[in-house]
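Asks: In this note's numbering, the protein residues as written are 24 to 216. Beta carbons: idealized from backbone N, C-alpha and C, even for Gly. Starting off with a structure, shown below.
Dropping the structure here:
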């Protein structure tokens, strides 16, 4: 032992201090991560309770929906609206997953009557035709006046896209500014689902 002291430059005391510092560092990191998780849990609980409160309120009718459409605090409110589908302007958002399958989300403008104002309705997910990527799914839509019930939701999420503004019925993203200009859509931050 005496002859190998220079081969072991750390004394027992130095080893103890280093081990303690490393342990203290990892303890602090674990404590910080635990606090972060508790904060996230509190956020999710607040979000869930706000969603329940919004869903429990009376459904918005046409006039009330027009006043609330730009207010993000109305997200998850129920709606009961009257009008007609603008089926020729239906868009399909590409590369949207559902239960592990890739497909399209169908969004159709809905004209509120008698106000003659347009809101966007997310109608649901449809499977993609992989043999012909430009083929649109055939979805039967009622003609004439209809009443629909739904819920206010955020605008459809934006996916990564390359290039400029898209055209056509199948798009990667649907931007409110671009799409709204095409239809005279209300300046919306939410849509109906």
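#1: What do you get for residue 37, buried or exposed, if any count of 16 or more other CB atoms within 10 angstroms of its CB means buried?
#2: Relative to the alpha-carbon of residue 81, which residue among 216, 177, 172, 196 has its alpha-carbon at the smallest distance?
#3: On the premise that residue 164 lies in contact with residue 110, defined as a C-beta separation below 8 angstroms, what is that separation, rounded to the nearest angstrom?
#4: Using the three-state DSSP reduction, which class does residue 217 fall into: helix, strand or coil?
#5: Specify, as a first and last residue, the run of the beta strand (DSSP E) that residue 172 falls within.
#6: Cβ of residue 107 within 7 angstroms of Cβ of residue 175?
#7: If residue 114 sits next to residue 56, beta carbons under 8 angstroms apart, how far is it from one beta carbon to the other, in whole angstroms?
#8: Please specify which runs of the alpha helix (DSSP H), each continuous and at least 4 residues long, are wholly inside the segment 51–122, giving them in chain order.
#9: On the premise that residue 146 lies in contact with residue 126, defined as a C-beta separation below 8 angstroms, what is that separation, rounded to the nearest angstrom?
#10: Residue 173: beta carbon under 6 angstroms from a heavy atom of the ligand NAP?
#11: Look up residue 164 in the DSSP assignment and say whether it is helix, strand or coil.
#12: Would you call the CB atoms of residue 215 and residue 144 closer than 7 angstroms?
#13: Using the rule of at least 16 other Cβ atoms within 10 Å of the residue's Cβ for burial, across every protein chain shown, is residue 181 buried or exposed?
#14: Work out the CA separation of residue 50 and residue 85 for me, nearest whole Å.
#15: Roughly how many angstroms separate the alpha carbons of residue 103 and residue 142, rounded to a whole number?
#16: Where does the unbroken beta strand (DSSP E) through residue 124 begin, and where does it stop?
Replies: Here's the rundown:
#1: To locate residue 37, count along the chain shown from 1; it is residue 14. Classification of residue 37: exposed, given that the 10 Å Cβ count is below 16.
#2: As a working note, residue 81 is residue 58 in the chain shown. Ranking 216, 177, 172, 196 by Cα distance to residue 81 puts 172 first.
#3: As a position in the chain shown, residue 110 is number 87, starting the count at 1. As a position in the chain shown, residue 164 is number 141, starting the count at 1. So it is a contact: roughly 5 angstroms between Cβ atoms.
#4: Since the first and last residues shown for the chain are 24 and 216, residue 217 lies out of range.
#5: For the purposes of this step, residue 172 is taken as residue 149 along the chain shown, with counting starting at 1. Element bounds for residue 172: 169–177.
#6: Along the chain shown, one-based indexing puts residue 107 at 84. Along the chain shown, one-based indexing puts residue 175 at 152. Their beta carbons are not under 7 angstroms apart, which means residue 107 does not touch residue 175 by this criterion.
#7: Looking up residue 114 in the chain shown gives position 91. Looking up residue 56 in the chain shown gives position 33. Residue 114 to residue 56, Cβ: 42 angstroms. No contact.
#8: Qualifying alpha helix (DSSP H) stretches, in chain order: 85–91.
#9: Taking the first residue of the chain shown as position 1, residue 126 is located at position 103. Taking the first residue of the chain shown as position 1, residue 146 is located at position 123. For residue 126 against residue 146, the beta-carbon gap comes to about 13 angstroms, at or over 8 angstroms, which does not count as contact.
#10: The ligand NAP is absent from the structure shown, which contains no ligand whatsoever.
#11: Here residue 164 refers to the residue found at position 141 of the chain shown. Reduced to three states, the DSSP call for residue 164 is coil.
#12: For the purposes of this step, residue 215 is taken as the residue at position 192 of the chain shown. For the purposes of this step, residue 144 is taken as the residue at position 121 of the chain shown. In this structure, residue 144 lies closer than 7 angstroms to residue 215 by Cβ.
#13: On the chain shown, position 158 is the one that residue 181 refers to. By the 10 Å Cβ count, residue 181 comes out exposed.
#14: Within the chain shown, the letter at position 62 stands for residue 85. Within the chain shown, the letter at position 27 stands for residue 50. Going from the Cα of residue 85 to the Cα of residue 50 covers about 56 angstroms.
#15: Taking the first residue of the chain shown as 1, we reach residue 103 at position 80. Taking the first residue of the chain shown as 1, we reach residue 142 at position 119. Distance between the alpha carbons of residue 103 and residue 142: 13 angstroms.
#16: Within the chain shown, numbered from 1, the residue matching residue 124 stands at position 101. Taken as a continuous stretch (DSSP letters only), the beta strand (DSSP E) holding residue 124 covers 124–135.
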